[in-house]
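Chains as they are written, first to last, in our numbering: chain A, 401 to 591; chain B, 767 to 1182.
A quick write-up on the structure given underneath.
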Amino acid sequence: MEQFSGKVWLLGNDIDTDIIMPTEYLVFQTIDEMKPYAFSPLRPELAGKVSPGDIIVAGSNFGCGSSREQAPEVVKALGIKCVIAKSFARIFFRNAINNGLLLIENETLADDVREGDQITVIPGQKVLYNGKEYPIADLPDNLLEIIDAGGLVKAMRRLNGLDLDKDQEQAGEQAGAPAGEQNQESENGKH
Amino acid sequence: MGKTIIEKILGRKAGRDVKPGDIVTVNADRVMLDDIMMPFIVSKFNEMGFPKVWDPDRIVIIFDHLVPASQVDDTRAYRISEEFIAKHGIRRVHRSDGICHQLMTEAGHVIPGDVVFGTDSHTTTYGSVGAFSTGIGYTEMASILGTGRLWVRVPSTIKIRVNGKLPGNVMSKDVILRIIGDLTAAGATYKALEFTGDTFDNMSQSSRTTMANMAIEAGAKCALFSPDEKTAEYCGITLDDFQKNLRGDEDAIYDQVMEYRAEDFVPVMAFPSQVDKIRPVTQAAGTPIDQVFLGSCTNGRLEDLQAAAKILKGHTVAPFVKLIVTPASRKVYREALADGTLEILQAAGAMITHPGCGLCCGRAGGILTDGERVVATNNRNFLGRMGTSKVEIYLASPMTAAACAITGVITEPAND
């Protein structure tokens, strides 16, 4: 994955999935319909002001709460290039990668960075901000492949030799995958 | 540098030394798919374009949430499952044998050192035999069915050491509830739990299973016991050198070590409606109850039914209390039938149901309504879990559940 730069949106600790995508909007059939309400309990203006390529920087336990896959999907659909947090909740981490959203852990960036500033990410190596370097862990190629493909379903389709033409056409687009109805059913199910 | 148990299991799979935070891709030894998730898994699998599954023998499909069917749409999941089973030649199928987490070890699908993924959050259970097992979503399960692989992040480990002899009225359920209360519901997120000490050495395989089952309630990714002779006998194997070495090294690095004296434990409950709201049973003593549930993948094994029967023998359940008993598997059911345990429970006034998830997941067999109170041996007391959102669920051990059933009020079991 190539290095990239983007503008920072700064959030705190314990940003839960109800903040990222409140339950009341999960009734919508597509992620595009949900997009305007992302982060609305905490930052109602944010969704309208995010530009494709922006980066969210946050504190610890980002994505805690429920297993709703709509949370990482909506962050991706907003055009957020990646989320850099002190730590992520386990299920959100997996759901994010599987939905093609890049997540990066770093302990100190959130303490130093100011909202609106530019940062540069060199995947697998470091984040550059204000003349300082912030080391980040390596992601194995197979995870980057999932993110590059736009999520696990698309990565598996590619593995199986499907959509190869379509992938080339869509390269560079920011659009997120539409919400699956099944995701909502799963979220509401009790097991 | 020494290794924790999870570092040893994942290191062998990765073919190199691993440390917490590393992301590795591992081959699954076995996967567990439950009926309620099958329609979603099959749909994703087909969308991904896989012509066939990677290895039919590594796939276990278990009907437990939806048997017997309680709603007219439930059989749709059977139909989709059966088509998938037939098409892909899957032979490890249980259609009415009991709860998935009991069957995976009981029926020999999992042995120590295995890596197992399941589409249910309580998949942590197989840590009781020293296997790494954890819950995943249906999209990931679909991808494993096609590839046989999944990425995992190597977790850091919290070591829990307990030495000594537990009081006579304390069961392993009380121990894990206390630990969850101390850790809090998110306290072990992303981490492995590792149990060590002579209290666990002396514990039955069944009691260990209860503890590994509930580790997810502290957010844990997995919960590991070191396999020993009891484990080998239960699994019907002889431990190989790798399995014998599945214990935390002295110089391994732990996030945290929690130490307890076994003698200090008392019977506890998770009060409504948080799994980490742990209080001594005595704190709610005398509170009237409407129902008692003895069963589930947490506490539906023979040992649990026997512990309850010992207290209920010669007594009758309070007239207004419904006592519902659900053995965890057909095997447990038959053993409890053969040794007279079910006869004692039945004579005391219990309703004995077919093995399955039923009441624990709020689908069938004893659902409650507003204002009712239940003492239950399962693993979650979330709002609405066993009926409406105004049901009060107290999670407890089988001994406590039995003591409560007799009196009709919350009662600490006698220590004798």
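From the three backbone atoms N, C-alpha and C, an ideal C-beta is built for every residue, glycine too.
Residue i: contacting residues in chain A (beta-carbon distance under 7 angstroms)
i: residue 1176 of chain B; result: Within chain A, no residue comes near residue 1176 of chain B; the closest Cβ sits about 25 angstroms away, beyond 7 angstroms.
i: residue 814 of chain B; result: 553, 556, 557, 560
i: residue 789 of chain B; result: 539, 540, 543
i: residue 810 of chain B; result: 553
i: residue 912 of chain B; result: 556
Endpoints, the alpha helix (DSSP H) within which residue i is located
i: residue 544 of chain A; result: 541 to 549
i: residue 529 of chain A; result: No alpha helix (DSSP H) holds residue 529 of chain A; the beta strand (DSSP E) holding it covers 526 to 529.
i: residue 482 of chain A; result: First-last for residue 482 of chain A: 482 to 485, but that is the beta strand (DSSP E), not the alpha helix (DSSP H).
i: residue 368 of chain A; result: The requested residue 368 of chain A is not part of the displayed model; chain A covers only 401 to 591.
i: residue 618 of chain A; result: Here chain A covers residues 401 to 591 and nothing more, so residue 618 of chain A does not appear.
i: residue 769 of chain B; result: Where residue 769 of chain B is concerned, there is no enclosing alpha helix (DSSP H), given that its DSSP letter is neither H nor E.
i: residue 446 of chain A; result: 446 to 449
i: residue 509 of chain A; result: 509 to 512
i: residue 1097 of chain B; result: 1096 to 1104
i: residue 936 of chain B; result: Premise fails: residue 936 of chain B is in no alpha helix (DSSP H) and is neither H nor E.
Minimum Cβ-Cβ distance from residue i to chain A less than 8 angstroms
i: residue 987 of chain B; result: yes
i: residue 909 of chain B; result: yes
i: residue 853 of chain B; result: no
i: residue 773 of chain B; result: no
i: residue 917 of chain B; result: yes
i: residue 896 of chain B; result: no
CB contact check: residue i to chain B, cutoff 8 angstroms
i: residue 579 of chain A; result: Residue confidence for residue 579 of chain A is low, a pLDDT of 36 falling below 50, so the modelled location carries little weight and cannot support an answer.
i: residue 464 of chain A; result: yes
i: residue 591 of chain A; result: With a pLDDT of 41 at residue 591 of chain A, under the threshold of 50, the modelled position of this residue cannot be trusted; read the value that follows with caution. It does: the Cβ of residue 591 of chain A has a partner Cβ on chain B nearer than 8 angstroms.
i: residue 498 of chain A; result: yes
i: residue 521 of chain A; result: no
i: residue 586 of chain A; result: No answer about residue 586 of chain A holds up, because its pLDDT of 37 lies below 50 and its placement is not dependable.
Interface residues of chain B facing residue i [CB-CB closer than 7 angstroms]
i: residue 413 of chain A; result: What residue 413 of chain A touches in chain B: nothing, since even the nearest Cβ is about 12 angstroms away.
Beta-carbon neighbours of residue i, restricted to chain A and to distances below 9 angstroms
i: residue 879 of chain B; result: Under the 9 angstroms cutoff, chain A gives no residues; its nearest Cβ is about 22 angstroms from residue 879 of chain B.
Enclosing beta strand (DSSP E) for residue i [first to last residue]
i: residue 799 of chain B; result: 796 to 800
i: residue 1089 of chain B; result: 1088 to 1092
i: residue 455 of chain A; result: 455 to 458
i: residue 1025 of chain B; result: 1022 to 1027
i: residue 1112 of chain B; result: Per DSSP, residue 1112 of chain B belongs to no beta strand (DSSP E); it is in the alpha helix (DSSP H), 1107 to 1114.
i: residue 1139 of chain B; result: 1139 to 1142
i: residue 534 of chain A; result: 532 to 535
i: residue 793 of chain B; result: 789 to 793
i: residue 1008 of chain B; result: Unbroken run through residue 1008 of chain B is the alpha helix (DSSP H), 1007 to 1010; no beta strand (DSSP E).
i: residue 1160 of chain B; result: 1158 to 1161
i: residue 520 of chain A; result: 518 to 522
i: residue 505 of chain A; result: 502 to 505
Listed by chain order, chain B residues near residue i by CB distance under 9 angstroms
i: residue 489 of chain A; result: 952, 955, 956, 985
Partners in chain B for residue i, counting only beta-carbon separations shorter than 8 angstroms
i: residue 495 of chain A; result: 903
Beta-carbon neighbours of residue i, restricted to chain A and to distances below 8 angstroms
i: residue 906 of chain B; result: 494, 498, 552
Would you call the segment 1115 to 1125 of chain B and the segment 831 to 845 of chain B in contact, with 3 or more CB pairs under 8 angstroms?
-> yes
Which whole runs of the beta strand (DSSP E) in the segment 947 to 1004 of chain B are 3 residues long or more, in chain order?
-> 958 to 962, 988 to 990
Runs of beta strand (DSSP E) wholly within the segment 814 to 876 of chain B (minimum 3 residues, chain order) | 825 to 828, 858 to 860
Counting pairs of Cβ atoms below 8 angstroms between the segment 446 to 462 of chain A and the segment 916 to 923 of chain B, do you hit three or more?
-> no
Stretch pair the segment 1005 to 1024 of chain B + the segment 1100 to 1107 of chain B: three plus CB contacts closer than 8 angstroms = no
Segment contact, 8 angstroms Cβ cut-off, at least three pairs: the segment 935 to 944 of chain B with the segment 1160 to 1168 of chain B | yes
Inspect the CB distances between the segment 995 to 1005 of chain B and the segment 864 to 878 of chain B and report whether three or more fall short of 8 angstroms.
-> yes
Examine the Cβ distances between the segment 802 to 822 of chain B and the segment 851 to 860 of chain B and report whether three or more of them are shorter than 8 angstroms.
-> yes
Touch check for the segment 1035 to 1042 of chain B and the segment 904 to 911 of chain B: three-plus C-beta pairs under 8 angstroms?
-> no
Three-pair Cβ contact test at 8 angstroms for the segment 471 to 482 of chain A versus the segment 492 to 503 of chain A = yes
Answer yes if the segment 962 to 976 of chain B comes into contact with the segment 1049 to 1057 of chain B, meaning at least three C-beta pairs across the two stretches below 8 angstroms, and no otherwise.
-> no
Stretch-stretch touch, CB-based, cutoff 8 angstroms, three pairs: the segment 892 to 906 of chain B with the segment 1129 to 1145 of chain B = no
Is the segment 436 to 445 of chain A touching the segment 414 to 424 of chain A, taking contact as three or more C-beta pairs under 8 angstroms?
-> yes
Hey, which unbroken runs of the alpha helix (DSSP H) at 4 residues or more fall wholly within the segment 875 to 927 of chain B?
-> 904 to 913
Contact between the segment 858 to 865 of chain B and the segment 776 to 786 of chain B (3+ Cβ pairs under 8 angstroms) | no
Only counting runs of 3 or more residues, tell me where the beta strand (DSSP E) segments fall wholly within the segment 1032 to 1070 of chain B, in order along the chain.
-> 1034 to 1036, 1044 to 1046, 1057 to 1061
Do three or more CB pairs link the segment 479 to 490 of chain A to the segment 553 to 567 of chain A at distances below 8 angstroms?
-> no
Touching by the beta-carbon criterion (3+ pairs, under 8 angstroms), the segment 948 to 956 of chain B and the segment 973 to 992 of chain B | yes
Below 8 angstroms, can you find three or more Cβ-Cβ pairs linking the segment 792 to 806 of chain B to the segment 1075 to 1092 of chain B?
-> no
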